[in-house]
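Visitor: The numbering of the sequence shown is the working numbering, which starts it at 679 and goes up by one.
From the three backbone atoms N, C-alpha and C, an ideal C-beta is built for every residue, glycine too.
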Amino acid sequence: MRAWWQEAVLYEVYCKSFYDSNGDGIGDLPGVLQKLPVLKELGIDCIWFTPIYASPQVDNGYDVSDYRAIDPAYGTMEDFRMVLERAHALGIRVVMDQVLNHTSDEHFWFRESRKSKDNPYRNYYIWQPPKEDGSEPNNWGSYFREGRGSAWEFDEATGEYYLHQYSVKMPDLNWEYPPLREEICDMLRFWADLGVDGFRLDVFTRLKKPEGFPDTKKAPDVLLDRNGFVVDKTMCTNVPGIHEIIHEMHEKVFGPCGVYTVGEGAGVNARNALSYTEKSRKELDTVYHFELAGRSKPNMRAEDFRRVEKAWFEVQKNGGWETQHFSNHDSPRQVSVYGAEGTYRKASARLLAVLLLTTPGTPILYQGEEIGMVNAAFGRIEDYNDRYTVGDYRSMLEKGADPGKALRLLTPKSRDNARTPYQWDGSAHAGFTEGTPWLKVNPSYPEINLEKDRKDPSGVFRGYQELLRLRKDHPVILDGELAFYLEDDPAIIAYTRENADETLLVLANLSGEEAPLSLPAELCMKAWKLLFAGRPECSGNFREKKTLAPWESEVYLLSDK
Ligand code: GLC
Ligand code: CA
679 MRAWWQEAVL YEVYCKSFYD SNGDGIGDLP GVLQKLPVLK ELGIDCIWFT PIYASPQVDN
739 GYDVSDYRAI DPAYGTMEDF RMVLERAHAL GIRVVMDQVL NHTSDEHFWF RESRKSKDNP
799 YRNYYIWQPP KEDGSEPNNW GSYFREGRGS AWEFDEATGE YYLHQYSVKM PDLNWEYPPL
859 REEICDMLRF WADLGVDGFR LDVFTRLKKP EGFPDTKKAP DVLLDRNGFV VDKTMCTNVP
919 GIHEIIHEMH EKVFGPCGVY TVGEGAGVNA RNALSYTEKS RKELDTVYHF ELAGRSKPNM
979 RAEDFRRVEK AWFEVQKNGG WETQHFSNHD SPRQVSVYGA EGTYRKASAR LLAVLLLTTP
1039 GTPILYQGEE IGMVNAAFGR IEDYNDRYTV GDYRSMLEKG ADPGKALRLL TPKSRDNART
1099 PYQWDGSAHA GFTEGTPWLK VNPSYPEINL EKDRKDPSGV FRGYQELLRL RKDHPVILDG
1159 ELAFYLEDDP AIIAYTRENA DETLLVLANL SGEEAPLSLP AELCMKAWKL LFAGRPECSG
1219 NFREKKTLAP WESEVYLLSD K
């Protein structure tokens, strides 16, 4: 028996940019409620909400000031209940983001914690005395590179530093302290009791810090690191002891409450994934890795795809379960990075959908990819909201970089590319809001929007819809073997999915050039029936196929099995 999440396709909703129902420029829960029928029409099974809790919005909700309240900008708890109820009625489950590495500095716990060394909440956070010369406890740099660039911030009231891996306004929680763990478990139970179906665990690999907070030995990034503070992504990642923390949450909450878990796996790869996801470990159901796609992955070659998919299929065969994604709220738009803007935008968007939705595991879509949204390059740093972009820009300028050049280097990687408002139609602000959007709308909206795309039978939306339906009709996508062909081909990705009942063949040309196709005889000889064509105008007759057109993709079914 498969669990629901092994059959499901998740859809990530970045509420702030999804749909604004009241004209204040900020997407909200009543907006999501209105648009649920579109998600139903698309055919997804589960929504993952990025954090919609009370927050000063320094990092768009990843800085939580109250884990048990909905941010008033998004609505009320009643609005949330309505979304949950309506989604469930439509057969759509709901997964909530849980940010357990840090809180906002405006959280009650931190406001108390900083008051005095003997405050009952003192140990909820990580405090360290200054070094003898008064300087920071070590050389760790913070991801957002604010202030002096350190991951430690001095607090006058008690004369100590607190740790913040991200923003100064996002202090790290102290997972060594049992009462904190209890508090978090209670909070997770609160959401499970409310009826949510699962949790996405933000940066879960970083909850445990290395003992004694040793300096990192990593060499500084000459362009970015400041004042000798070095950002070392491995420092607080997968530190021994992390498994006990996750296992404890499993025993106290995930298991008893029967909720699904997907961890955001910074530092998780196919080699260590089973340590978190193998069933008998009782930690997480799935993780979400960055071996193929991510903020710092500038391209994806056919060979990368084969290597990563093969390695993760092994994880699955050995008792784990994989997930698939090409983009999220932290990455650029997948079409812009792994596909092509311009002439082949639609074709490449549909090709990526084919790969995403016919490989093993649980696919996770990000809002807007189903209409082929692309990156947005704003011309001015003032228009950027992403803390990474703003922080990196400042660092580069301090090191003497030319402002125009810095912007050109940073914008293709900016997380704001994915965060611009959803493009609903061709009206003002893409139909997202009647007010002024909190982040600029991508100027591409008259061309790229849901209303227009949905009318196109070979559009991106219809492509996703057809493929999502295929997954329901052909369980081989869920449980079939995965075998690659043409393994040396620089552009063509070819694989089969096979179980006792069915065989599917997937072909995709991951390039903007026509590519010669010479499949092995064992495949050519068979009678393949076309199930899906990424570029219907090119699909032609299978037996006569000698090439694949730019960004062409197809899914075939063996018809005589
Ligand atoms: C995760 C989130 C990201 C956030 C960071 C800190 O990577 O996906 O948006 O900035 O954690 O919470
Ligand atoms: Ca609003």
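Would you mind reading off the limits of the beta strand (DSSP E) that contains G628?
Guide: Lying before the first or after the last residue shown, residue 628 is absent from the chain, which here runs from 679 to 1239.
Visitor: Of the residues L1182, D910 and H766, which one's Cα is nearest the Cα of L1033?
Guide: L1182
Visitor: Beta-carbon separation of L778 and L707 under 8 Å?
Guide: no
Visitor: What is the DSSP secondary structure of C693, reduced to helix, strand or coil?
Guide: helix
Visitor: Out of F877, V900 and E889, which has the shortest C-alpha to C-alpha gap to G919?
Guide: E889
Visitor: By the DSSP assignment, the beta strand (DSSP E) with E838 in it spans what residues?
Guide: E838 to L841
Visitor: Going by beta-carbon coordinates alone, are Q806 and P798 separated by less than 8 Å?
Guide: Contact annotation: Q806 and P798 have beta-carbon atoms that are not nearer than 8 Å.
Visitor: Assess contact between the region 861 to 869 and the region 1047 to 1055, defined as three or more Cβ pairs (one per stretch) separated by less than 8 Å. Is contact present?
Guide: no
Visitor: Helix or strand or just coil, what does DSSP make of W787?
Guide: helix
Visitor: When DSSP labels each residue in this structure, what does A1211 get in the three-state scheme?
Guide: strand
Visitor: Tell me the start and end of each unbroken beta strand (DSSP E) in the region 1152 to 1209 that is at least 3 residues and wholly inside, in chain order.
Guide: 1159 to 1163, 1170 to 1176 and 1181 to 1187
Visitor: What are the boundary residues of the alpha helix (DSSP H) that R1023 is part of?
Guide: R1023 to T1036 is the span of the alpha helix (DSSP H), which, as asked, contains R1023.
Visitor: Taking only three categories from DSSP, how would you classify Y740?
Guide: coil
Visitor: So what's L858 in DSSP terms, helix, strand or just coil?
Guide: helix
Visitor: Whole angstroms is fine: what's the gap from K1243's alpha carbon to Q843's?
Guide: For residue 1243 there is no data in the structure shown, the boundaries of the chain being 679 and 1239.
Visitor: So S1231 is in the beta strand (DSSP E); what residue range does that whole segment cover?
Guide: S1231 to L1236
Visitor: Compare the Cα-Cα distances from E942 to each of E981, G933, W726 and T894 and report the closest residue.
Guide: Looking at the Cα atoms, W726 is the closest of the given residues.
Visitor: Just to confirm before moving on: does the CB-CB distance between A1205 and S1237 stay below 8 Å?
Guide: yes
Visitor: Do S782 and S733 come within 8 Å of each other at the CB atom, strictly closer than that value?
Guide: yes
Visitor: Quick check on P1010: buried or exposed, where buried means 16 or more other Cβ atoms within 10 Å of its Cβ?
Guide: buried
Visitor: Hey, is N996 close to ligand 2, as in C-beta under 7 Å from one of its heavy atoms?
Guide: Checking the Cβ of N996 against ligand 2 gives no.
Visitor: How would you call H785, buried or exposed, if buried means at least 16 neighbouring beta carbons within 10 angstroms?
Guide: By the neighbour-count rule (16 or more Cβ atoms within 10 Å), H785 is buried.
Visitor: Quick check on I923: does DSSP put it in helix, strand or coil?
Guide: helix
Visitor: Of all the options I1059, G1109 and G705, which has the alpha carbon lying nearest to the alpha carbon of L1088?
Guide: When only C-alpha atoms are compared, the closest one is I1059.
Visitor: Of all the beta strand (DSSP E) runs that stay within the bounds of the region 1072 to 1147, which reach a length of 3 or more residues?
Guide: none
Visitor: Are Q684 and L1156 closer than 8 Å when you measure CB to CB?
Guide: yes
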